[in-house]
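Visitor: This note's numbering numbers the first residue of the first sequence as 20 and each following residue consecutively. Glycine included, each C-beta is placed from N, C-alpha and C at the ideal position.
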Amino acid sequence: MAAAIPDKPALEGLEDAWRGVWDDRGTYRFDRTGATRENIFSIDTPPPTASGSLHIGHVFSYTHMDLIARYQRMRGKTVFYPMGWDDNGLPTERRVQNYYGVRCDPTLPYDPGFTPPLEGGDNASSKAADQQPISRRNFIELCERLTVEDEKQYEDLWRKLGLSVDWTQSYRTIGEESQLAAQRAFLRNLARGEAYQADAPTLWDITFRTAVAQAELEDKEQPAAYHALTFHRPDGSDVVIETTRPELLPACVALVAHPDDERYQHLFGTTVTTPLFGVEVPVVAHHLAQKDKGSGIAMICTFGDVTDVVWWRELDLPNRTIIGADGRIVADAPAAIETDAAKAAYSELAGKTVFSAKARVVELLRESGELVGDPKPVVHSVKFFEKGDRPLEIISTRQWYIANGARDPKLREQLVADGQAINFAPDHMRVRYENWVGGLTGDWLVSRQRFFGVPIPVWYELDADGNKGAVIVPTEEILPVDPSSDVPAGYDEADRGTKFVGELDIMDTWATSSLTPQIAGGWVTDPELFELVFPYSLRSQGQDIIRTWLFSTVLRSQLEHGTVPWANAGISGFIVDPDRKKMSKSKGNVVTPAAMLDEHGSDAVRYWAASSRLGTDAAFDPQNPKQMKIGRRLAIKVLNAAKFVYSFPEPSVTAEGARNALDVDLLAELDRVILAATAAFDDFDHAKALETAERFFWTFCDDYLELVKERAYGASTPEGQASAVTTLRLAVNVLLRLFAPFIPFATEEVWSWTNDDSVHTAPWPTSLGAEEPTGLLGLVGEALIGIRGAKTDAKASQKTEVVSATISGPAALELAADDLKAVGRIATLNFVVADAVSVSDIVLAPQPEA
RNA sequence: GGGCUCUUAGCUCAGUUGGUUAGAGCGCCACGUUUACACCGUGGAUGUCGGGGGUUCGAAUCCCUCAGGGCCCACCA
Numbered sequence: 020m021a022a023a024i025p026d027k028p029a030l031e032g033l034e035d036a037w038r039g040v041w042d043d044r045g046t047y048r049f050d051r052t053g054a055t056r057e058n059i060f061s062i063d064t065p066p067p068t069a070s071g072s073l074h075i076g077h078v079f080s081y082t083h084m085d086l087i088a089r090y091q092r093m094r095g096k097t098v099f100y101p102m103g104w105d106d107n108g109l110p111t112e113r114r115v116q117n118y119y120g121v122r123c124d125p126t127l128p129y130d131p132g133f134t135p136p137l138e139g140g141d142n143a144s145s146k147a148a149d150q151q152p153i154s155r156r157n158f159i160e161l162c163e164r165l166t167v168e169d170e171k172q173y174e175d176l177w178r179k180l181g182l183s184v185d186w187t188q189s190y191r192t193i194g195e196e197s198q199l200a201a202q203r204a205f206l207r208n209l210a211r212g213e214a215y216q217a218d219a220p221t222l223w224d225i226t227f228r229t230a231v232a233q234a235e236l237e238d239k240e241q242p243a244a245y246h247a248l249t250f251h252r253p254d255g256s257d258v259v260i261e262t263t264r265p266e267l268l269p270a271c272v273a274l275v276a277h278p279d280d281e282r283y284q285h286l287f288g289t290t291v292t293t294p295l296f297g298v299e300v301p302v303v304a305h306h307l308a309q310k311d312k313g314s315g316i317a318m319i320c321t322f323g324d325v326t327d328v329v330w331w332r333e334l335d336l337p338n339r340t341i342i343g344a345d346g347r348i349v350a351d352a353p354a355a356i357e358t359d360a361a362k363a364a365y366s367e368l369a370g371k372t373v374f375s376a377k378a379r380v381v382e383l384l385r386e387s388g389e390l391v392g393d394p395k396p397v398v399h400s401v402k403f404f405e406k407g408d409r410p411l412e413i414i415s416t417r418q419w420y421i422a423n424g425a426r427d428p429k430l431r432e433q434l435v436a437d438g439q440a441i442n443f444a445p446d447h448m449r450v451r452y453e454n455w456v457g458g459l460t461g462d463w464l465v466s467r468q469r470f471f472g473v474p475i476p477v478w479y480e481l482d483a484d485g486n487k488g489a490v491i492v493p494t495e496e497i498l499p500v501d502p503s504s505d506v507p508a509g510y511d512e513a514d515r516g517t518k519f520v521g522e523l524d525i526m527d528t529w530a531t532s533s534l535t536p537q538i539a540g541g542w543v544t545d546p547e548l549f550e551l552v553f554p555y556s557l558r559s560q561g562q563d564i565i566r567t568w569l570f571s572t573v574l575r576s577q578l579e580h581g582t583v584p585w586a587n588a589g590i591s592g593f594i595v596d597p598d599r600k601k602m603s604k605s606k607g608n609v610v611t612p613a614a615m616l617d618e619h620g621s622d623a624v625r626y627w628a629a630s631s632r633l634g635t636d637a638a639f640d641p642q643n644p645k646q647m648k649i650g651r652r653l654a655i656k657v658l659n660a661a662k663f664v665y666s667f668p669e670p671s672v673t674a675e676g677a678r679n680a681l682d683v684d685l686l687a688e689l690d691r692v693i694l695a696a697t698a699a700f701d702d703f704d705h706a707k708a709l710e711t712a713e714r715f716f717w718t719f720c721d722d723y724l725e726l727v728k729e730r731a732y733g734a735s736t737p738e739g740q741a742s743a744v745t746t747l748r749l750a751v752n753v754l755l756r757l758f759a760p761f762i763p764f765a766t767e768e769v770w771s772w773t774n775d776d777s778v779h780t781a782p783w784p785t786s787l788g789a790e791e792p793t794g795l796l797g798l799v800g801e802a803l804i805g806i807r808g809a810k811t812d813a814k815a816s817q818k819t820e821v822v823s824a825t826i827s828g829p830a831a832l833e834l835a836a837d838d839l840k841a842v843g844r845i846a847t848l849n850f851v852v853a854d855a856v857s858v859s860d861i862v863l864a865p866q867p868e869a
């Protein structure tokens, strides 16, 4: 039975009440019975980083996605709406280290009875020396333990927000399904030649001691200084160059200038010797050298920045790397440093950090007189790992790559075409994708020298001298594997280190996240499901991860399936603070979503998010959350208006065929609202759908409901009463369904007063088959303003009786004369036909004494 | 340096293919305690549509140009 209508409907408590009911009923459960790809709407959802923290931006974009899910569900689609957690990767590792006071040492054996020294350590990063070293498997177990707890909190928040996710379809990027998909996809990339290993200069984070990819870079402004250094020509003259990295002098392999630079023509083809170290290096020409930068001639070191890498590669220069994986100057000087004095100078630098080495080199250069003048301070931008806080270095290492079109014009072209095949909402977001694809400078570096992630599933044969030989790959049937503990077919554990060795690297987190359609859709474990949901209907995400998640997903889908992964990509904007700056933790302007949901209610917060279109940034002022209050007001109004409508007596006659002209026009207007909201939703414009319904709803409450309430009470004829009540109830029924995606809690509450099922599985309203609106409702509205205005001008209450009044307007207006009389409490109403609506000759009844 | 995007009321934003007098909400002012709602209702004031130029009978809307904000990419000796 439908629930009783409360005396005082309230929003408080609706979240807790309804989330439980939805769960029990399986309202949002994906049921594949009888489903076909055509009537399934599948959503590829962004797995939030489990160890991070959810912020208002998440609430914003996840709400956008939920609006579409709810709309499509009501349209009759079987909605596949899973939710994932991105729990592998660096943020988790860092948190686990601090929380449990441990660090991973992959050389240690597994300890089944291990208990961590700490439980609940804070985020103040403890020193590595204080952390207990444990095996990789123990470390991963702790990662899983901690992330499960984090994920529970996330799920709780999402349920509170009212996301219509099917929680039986959740996945974790470290879960078995993810490992299976990531390893299978990688092995297939490898088999097709799309994955390969290369020994190359690599962007390297010295804090995390891992390689990082182009997509993970972030520029940061850093103070630096230009140092003018003198190089020496054989004839005794000097060449002055400027550098911000004098500590790399021992790694210098050449000087370079632009081929057209007349100042240096005489130097090309000659050699010079480096200051302090006396190493003979050539002077070369390359178009990337800029004439107007510094002195126009630069030193090339291995490696100071990515331009050095280009020069080194294209000019075929030697490699004299001096920076180690820990960011310190390596112990052994490059072979090119030969003299005792040079070796002595180098030994002063060995073991020092880049920072200390720089200071010492400058002192040495001052002593030798090879530093010209004082260093000139500058601020320039330097490449950082987006999660790191020290500048990246470039060191040569052996890494795994996946082709991404950077070196393959055909693949690049195909990926651009894929972008064209996806409907971006809004459309201009495609440009960001195309810019990224067009600007790729190297293949995708997928290996990471970390611990918590999906292992790269290969081993290497070892020769008699212990050198790595051919790659050994597992068959797909035995996946997932961890090569650091599992043994390849045909070998024994005893052979480890002598006949074979396991790959220790793990995959980049994006190498797993790029497979979310395959992971959530059961590519490996449930092929029947995968057939039903892939390619997906929708990818929903933020604009900040187009270059990473969106691009890599398109790439993996193209390589593996030869198709785009989804038909539509809905891109949400981000949240900016009142100063138009992007919200970020460092600025301290982040508000926790849970507190906001508690304070304003979920429907209110959803309303705020829904008011912004896809791709549009939304300003949010935590001190002054106006938009939340508006949404809250709407939800409360829905409760109260519906309660009022349901309070009118049951009609005693049928309204069919005898509907009042005003009621007919109300339904005609509502019909147009239905069509407009539907068109807007189909166009991924949820904000317009909301605005259209909302605008109608307020007119419905303020004008129509006021006009007909006397009639609905039964003040006129039974036919008039029936017409009003049936129209009111139909309008409320339709409005509840139009609002259901936006304010799911309030609408479900009201729906339950007259229905046993859920509004969220009720059909989305379709045309009522009404005629074109006559405009009567608008005319009546104008007349109402005239009547109310007269009372306000007279400083009288709206319930003041009116002895007589004259309304002028088009003839049709007279059809609503009785309703106008009732709402205005007008005893005698004269009607005059005119073009424009006006109210005149109002005579108010004497007001009672105060 | 390249690309995308934005600039409309004090604030946050709508404004569909050019078409009467440019809209909404908030805020503000005044009034009203009306038995759906005081987490309320009614009424009101508020704009050189960033500047300039052009096309047109007609421009917030199309074109050119300038200025400013934001984001992305590139550069970063």
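Does the distance from the C-beta atom of Val450 to that of Arg431 stay below 8 Å?
Guide: With respect to the 8 Å criterion, Val450 and Arg431 are not classified as neighbours on the basis of their beta carbons.
Visitor: Only counting the same chain, and skipping five residues up and downstream in sequence, which positions put a Cβ closer than 8 Å to that of Glu163?
Guide: Hits under 8 Å: Asp106, Ile193.
Visitor: Taking C-alpha atoms, which residue in Val583, Pro554, Ile538, Met526 lies nearest to Gln439?
Guide: Ranking the options by Cα distance to Gln439, first place goes to Val583.
Visitor: DSSP has Leu709 in a bridge; who is on the other side?
Guide: Leu709 pairs with nothing; no bridge assigned.
Visitor: By how many angstroms is the C-alpha of Arg38 removed from the C-alpha of Glu3?
Guide: No answer is possible for residue 3: it lies beyond the span of the chain, which begins at 20 and ends at 869.
Visitor: For Phe764, which residues of its own chain have a beta-carbon under 8 Å away from its beta-carbon, when the five flanking residues on both sides are left out?
Guide: Leu30, Leu33, Glu34, Trp37, Gly181, Gly620, Ser621, Asp622, Ala654
Visitor: With a Cβ-Cβ cutoff of 8 Å, do Val298 and Ala355 count as a contact?
Guide: yes
Visitor: Mind pulling the alpha helix (DSSP H) runs of 4 or more residues that sit fully within the segment 558-641?
Guide: 570-580, 612-619, 621-629
Visitor: My parser needs the alpha helix (DSSP H) runs of 4 or more residues fully inside the segment 352-412; what are they?
Guide: Here the runs fully enclosed are 359-368, 373-387.
Visitor: Report the rounded CA-to-CA distance for Asp257 versus Phe250, giving the unit in angstroms.
Guide: 6 Å
Visitor: Specify the secondary structure class of Tyr510 as computed by DSSP and reduced to three states.
Guide: coil
Visitor: DSSP state of Asn208, grouped into three classes?
Guide: helix
Visitor: When the distance is taken between beta carbons, is Phe443 closer than 8 Å to Ala18?
Guide: Given a span of 20 to 869 for the chain in the structure shown, any question on residue 18 remains unanswerable.
Visitor: From Lys606 to Ile565, what does the alpha carbon distance come to, in whole angstroms?
Guide: Unreliable placement is indicated for Lys606, whose pLDDT of 45 sits below 50; no coordinate value is reported for it.
Visitor: Please state the DSSP three-state secondary structure of Trp783.
Guide: coil
Visitor: In the structure shown, what three-state DSSP assignment does Val78 receive?
Guide: helix
Visitor: Just to confirm my understanding: we take Glu213, look at its own chain, exclude 5 residues before and 5 after, and list those with CB closer than 7 Å. What are they?
Guide: Ile421, Ala422, Leu578
Visitor: Which stretch, first to last residue, makes up the alpha helix (DSSP H) that contains Trp37?
Guide: 33-44
Visitor: Rounded to the nearest angstrom, how far is the Cβ of Val858 from that of Ala809, given a contact under 8 Å?
Guide: 6 Å
Visitor: Cα separation between Lys604 and Ala743?
Guide: At Lys604 the pLDDT is 47, less than 50, meaning the model places this residue with poor confidence and gives no usable figure here.
Visitor: Buried or exposed: which applies to Ile497, given that a residue is buried once 16 or more other Cβ atoms fall within 10 Å of its Cβ?
Guide: Around the beta carbon of Ile497, fewer than 16 other beta carbons sit within 10 angstroms, so the residue counts as exposed.
Visitor: Provide the residue span of the beta strand (DSSP E) that contains Ser823, from first to last.
Guide: 821-828
Visitor: Indicate the three-state DSSP secondary structure (helix, strand or coil) for Glu213 in the structure shown.
Guide: coil
Visitor: Taking the alpha helix (DSSP H) that Arg114 belongs to, which residues open and close that run?
Guide: 109-119
Visitor: Rounded to whole angstroms, what is the Cα-Cα separation between Pro131 and Glu405?
Guide: 35 Å
Visitor: For the alpha helix (DSSP H) holding Met448, just list the boundary residues, first then last.
Guide: 448-458
Visitor: Taking the beta carbon of Gly392 as the centre, do at least 16 other beta carbons fall within 10 Å, making it buried, or is it exposed?
Guide: exposed
Visitor: Enumerate in chain order the residues of its own chain whose CB-to-CB distance from Arg575 is below 7 Å, with the five nearest sequence positions on each side excluded.
Guide: Ala204, Ser533, Leu534
Visitor: Could you name the residues that DSSP lists as bridge partners for His251?
Guide: Asp257, Thr292
Visitor: Looking at the structure shown, is Ala869 part of a helix, part of a strand, or coil, going by DSSP?
Guide: Note that Ala869 has pLDDT 40, beneath the 50 cutoff, so the model's placement of it is unreliable and the number below is only indicative. In the structure shown, Ala869 sits in coil (DSSP, three-state: anything other than H, G, I, E or B).
Visitor: Which residues mark the beginning and the end of the alpha helix (DSSP H) in which Glu768 is found?
Guide: 763-773
Visitor: CA-CA distance, His399 and Gly458?
Guide: 22 Å
Visitor: Just list the residues that DSSP pairs Gln151 with in beta bridges.
Guide: Val121
Visitor: Which one of Lys429, Thr293, Phe158 has the shortest CA to CA distance from Glu389?
Guide: Thr293
Visitor: Using the Cα positions of Pro28 and Lys662, report the straight-line distance between them to the nearest angstrom.
Guide: 8 Å
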